[in-house]
């Protein structure tokens, strides 16, 4: 076999053309370009005010009716945090808080403080549940909503394990992964979410981030806010007012 | 040429498998499936978005009820329950909405009131709460009889 310059340049040329074809055929180039500057936007945010929540569970009931959530499954739920005088933390959420809460039966002086924390899908900017789906059944909509395509879901539950907030469950009726959609259908119809509508104390506030006169933008600009588990890098779009360090 | 026969046969087999894969893939994938922005987050069936957007809204809200139930809406709006949604006590709107004129449930029992107004350490202190029904009645100079309920004194639409 000859090893001369002419032969080398020829081979290099073919390699260049071949790799160019490969990149074009399988659109590797375009996909890389897209993933760094995608056309998805996070237009909405959800603010939960733990300082006003009374733990009535009306949000959970409204969500169940709105989204046909089966019994013993929850798209949203309310947790009660009780921090005792000795520093230990008790968390309970009977029936997701749907039927309200009973007193814990503790003496007043043993309780340091106590509060309710409503939880729901955090609709992350970088949703780990979407990244792990092997069949493209969960995705981020153009408006930034993380949704589940129940017809495509094969029920492997990888997404349930990937979610740091345990927001997902396996729907026993559809046999697909299910979770809060921020009432995507209602938002598209110009309404607000069912839980926001049901809340009697404005502990849940939902709206566009880019509307400067809207309640969300005002709260984002004026309140001290925190998100759950910021260390995951998921960048949740549910933000909390009055979130204590004990809350996980 | 004979020396290359096995390579040619193998190559044809590989090409057949690759072509077969793409043909089967084309049949198996739903029409609108693909990337819609990014492979990481937007690799999905586009029709699914429209399907979800088309779901009917069930929860209707106080404003909707107020169109017919004018006196109740006026009472509600003027009092401390103004932010309490009709469906929180009357149940989901759907059956009523479909022009069946089914009567809505009415949760005006003491238990229903205490879901919000039972004293809990976790509730904000400023929110009106009672320890129990008998104690509250005693505070008001009344005694508990078995058939009493909150709505004897408080109109649920205008409790104060």
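Chains as they are written, first to last, in my numbering: chain A, 661 to 908; chain B, 59 to 218.
Every residue, glycine too, gets a C-beta built ideally from N, C-alpha and C.
Does any residue of chain A have a CB that is nearer than 7 Å to the CB of residue 194 of chain B?
Translated into the one-based positions of the second chain, residue 194 of chain B becomes position 136. With 7 Å as the cut-off, residue 194 of chain B does not count as an interface residue toward chain A.
Determine whether the Cβ of residue 83 of chain B lies closer than 7 Å to any Cβ atom of chain A.
For this step, residue 83 of chain B is matched to residue 25 along the second chain. By this cut-off, residue 83 of chain B is not an interface position.
Are the C-beta atoms of residue 180 of chain B and some chain A residue less than 7 Å apart?
The sequence position of residue 180 of chain B within the second chain is 122, counting from 1. At least one chain A Cβ lies under 7 Å of residue 180 of chain B.
Would you call the segment 787 to 799 of chain A in contact with the segment 762 to 773 of chain A, where contact means no fewer than 3 C-beta pairs closer than 8 Å?
no
Report buried or exposed for residue 727 of chain A, applying the criterion of at least 16 other Cβ atoms within 10 angstroms of its Cβ.
The count along the first chain starts at 1 and reaches residue 727 of chain A at position 67. It is buried - the Cβ of residue 727 of chain A has at least 16 other Cβ atoms within 10 Å.
Does residue 681 of chain A pass the burial test, meaning 16 or more other C-beta atoms within 10 Å, or should it be called exposed?
By one-based count along the first chain, residue 681 of chain A stands at place 21. The residue in question, residue 681 of chain A, is exposed, as its Cβ has fewer than 16 Cβ neighbours within 10 Å.
How long is the line joining the alpha carbons of residue 688 of chain A and residue 850 of chain A, rounded to whole angstroms?
Here residue 688 of chain A corresponds to residue number 28 of the first chain, with the count starting at 1. Here residue 850 of chain A corresponds to residue number 190 of the first chain, with the count starting at 1. Here the model assigns residue 688 of chain A a pLDDT of 48, short of 50, so the residue's position is not dependable, and the following value carries that caveat. Cα-Cα distance, rounded: 38 Å.
For the alpha helix (DSSP H) that contains residue 128 of chain B, what are its first and last residues?
Stepping through the second chain from its first residue, residue 128 of chain B is reached at position 70. Residues 128 to 135.
Determine the direct distance from the alpha carbon of residue 705 of chain A to that of residue 186 of chain B, and round the result to whole angstroms.
By one-based count along the second chain, residue 186 of chain B stands at place 128. By one-based count along the first chain, residue 705 of chain A stands at place 45. Taking the CA atoms as reference points, residue 186 of chain B sits about 30 Å from residue 705 of chain A.
Answer yes or no: does any C-beta atom of chain A fall closer than 7 Å to that of residue 62 of chain B?
Translated into the one-based positions of the second chain, residue 62 of chain B becomes position 4. Taking Cβ atoms only, chain A never reaches closer than 7 Å to residue 62 of chain B, which makes this a no.
Excluding sequence positions up to five away, which residues of its chain have a Cβ less than 8 Å from the Cβ of residue 81 of chain B?
What you label residue 81 of chain B is simply residue 23 of the second chain in a count that begins at 1. Around residue 81 of chain B: no qualifying Cβ.
State the DSSP-derived secondary structure class of residue 711 of chain A, mapped to helix, strand or coil.
Against the first chain, residue 711 of chain A aligns to sequence position 51. If DSSP states are grouped into helix, strand and coil, residue 711 of chain A belongs with coil.
Can you check which of these residues, A:833, A:843, A:835, A:710, is closest to residue 910 of chain A by C-alpha distance?
What is shown of chain A runs 661 to 908, which leaves residue 910 of chain A out entirely.
Give the range of the alpha helix (DSSP H) segment to which residue 750 of chain A is assigned.
Within the first chain, residue 750 of chain A is the residue found at index 90, counting from 1. Here residue 750 of chain A belongs to no alpha helix (DSSP H); instead the beta strand (DSSP E) covers 749 to 752.
Can you give me, in chain order, the residues of the segment 728 to 758 of chain A that have a beta carbon less than 8 Å from any beta carbon in chain B?
740, 741, 742
Which residue's Cα is closest to the Cα of residue 707 of chain A: A:826, A:882, A:753, A:746?
As a first step, residue 707 of chain A is located in the first chain; it is residue number 47 there, counting from the start. The candidate whose alpha carbon is nearest that of residue 707 of chain A is A:882.
Any beta-carbon of chain B closer than 7 Å to the one on residue 714 of chain A?
Taking the first residue of the first chain as position 1, residue 714 of chain A is located at position 54. So yes, residue 714 of chain A belongs to the interface.
If we cut at 7 Å on Cβ distances, does residue 174 of chain B have a partner in chain A?
Indexing the second chain from 1 puts residue 174 of chain B at position 116. Cβ-Cβ to chain A under 7 Å: yes for residue 174 of chain B.
Would you decide whether residue 872 of chain A is buried or exposed? Buried here means 16 or more other CB atoms lie within 10 Å of its CB.
Working through the first chain from its first residue, we reach residue 872 of chain A at position 212. The residue in question, residue 872 of chain A, is exposed, as its Cβ has fewer than 16 Cβ neighbours within 10 Å.
How far does the beta strand (DSSP E) with residue 761 of chain A in it reach, from first residue to last?
Taking the first chain and counting its residues from 1, one reaches residue 761 of chain A at position 101. Looking at the DSSP string, residue 761 of chain A is not in any beta strand (DSSP E), and its letter there is neither H nor E.
For a contact meaning CB atoms closer than 9 Å, what does residue 866 of chain A contact in chain B?
Residue 866 of chain A sits at position 206 when you count from the first residue of the first chain. The contacting residues do not exist; residue 866 of chain A stays about 13 Å from chain B at best.
Evaluate contact between the segment 774 to 788 of chain A and the segment 887 to 904 of chain A, counting only Cβ atoms and requiring at least three cross-stretch pairs below 8 Å.
yes
Please go through the same chain and pick out, in chain order, the residues whose beta-carbon is closer than 8 Å to the beta-carbon of residue 104 of chain B, but skip the five residues on each side of it.
Here residue 104 of chain B corresponds to residue number 46 of the second chain, with the count starting at 1. Same-chain partners within the cutoff: 90, 91, 92, 94.
Would residue 760 of chain A and residue 717 of chain A qualify as a contact pair, given that the criterion is a beta-carbon distance under 7 Å?
In the first chain, counting from the first residue as 1, residue 760 of chain A sits at position 100. In the first chain, counting from the first residue as 1, residue 717 of chain A sits at position 57. Yes.
Which residues of the segment 846 to 859 of chain A have a Cβ closer than 7 Å to any Cβ of chain B? Give them in chain order.
846, 848, 849, 851, 854, 857, 858
Counting pairs of beta carbons, one from the segment 164 to 178 of chain B and one from the segment 194 to 211 of chain B, are three or more of them closer than 8 Å?
As far as the Cβ criterion goes, the segment 164 to 178 of chain B touches the segment 194 to 211 of chain B, which means the pair count is three or higher.
Whole-angstrom Cβ separation of residue 144 of chain B and residue 120 of chain B, contact assumed at under 8 Å?
Start at 1 with the first residue of the second chain, and residue 144 of chain B comes out as number 86. Start at 1 with the first residue of the second chain, and residue 120 of chain B comes out as number 62. Confirmed, Cβ separation roughly 5 Å.
Quick check: residue 818 of chain A and residue 100 of chain B, are their CB atoms within less than 7 Å of each other?
Numbered from 1 along the first chain, position 158 holds the residue referred to as residue 818 of chain A. Numbered from 1 along the second chain, position 42 holds the residue referred to as residue 100 of chain B. Cβ distance not < 7 Å, so residue 818 of chain A and residue 100 of chain B don't count as in contact.
When the cut-off is 7 Å and only beta carbons count, does residue 107 of chain B lie next to chain A?
Sequence index remark: in the second chain, residue 107 of chain B carries index 49 (1-based). True, the Cβ-Cβ gap to chain A drops below 7 Å.
Can you give the Cα-Cα distance for residue 164 of chain B and residue 212 of chain B, rounded to whole angstroms?
By one-based count along the second chain, residue 164 of chain B stands at place 106. By one-based count along the second chain, residue 212 of chain B stands at place 154. Roughly 15 Å between the two C-alpha positions.
Can you give me the C-alpha to C-alpha distance between residue 777 of chain A and residue 758 of chain A, rounded to a whole angstrom?
Here the question's residue 777 of chain A lines up with position 117 in the first chain. Here the question's residue 758 of chain A lines up with position 98 in the first chain. Residue 777 of chain A and residue 758 of chain A: Cα-Cα distance of roughly 13 Å.
According to DSSP, what are the bridge partners of residue 213 of chain B?
Position 155 of the second chain, counted from the first residue, corresponds to residue 213 of chain B. For residue 213 of chain B, which the question treats as bridged, DSSP gives the partners B:216.
Could one say the Cβ of residue 761 of chain A lies closer than 7 Å to chain B's Cβ atoms, at least one of them?
Here residue 761 of chain A refers to the residue found at position 101 of the first chain. For residue 761 of chain A, the answer is yes, since a Cβ of chain B falls inside 7 Å of its Cβ.
Quick one: what's got a C-beta closer than 7 Å to residue 729 of chain A's C-beta in the same chain, skipping five residues either side?
Position 69 of the first chain, counted from the first residue, corresponds to residue 729 of chain A. 723, 735, listed in sequence order.
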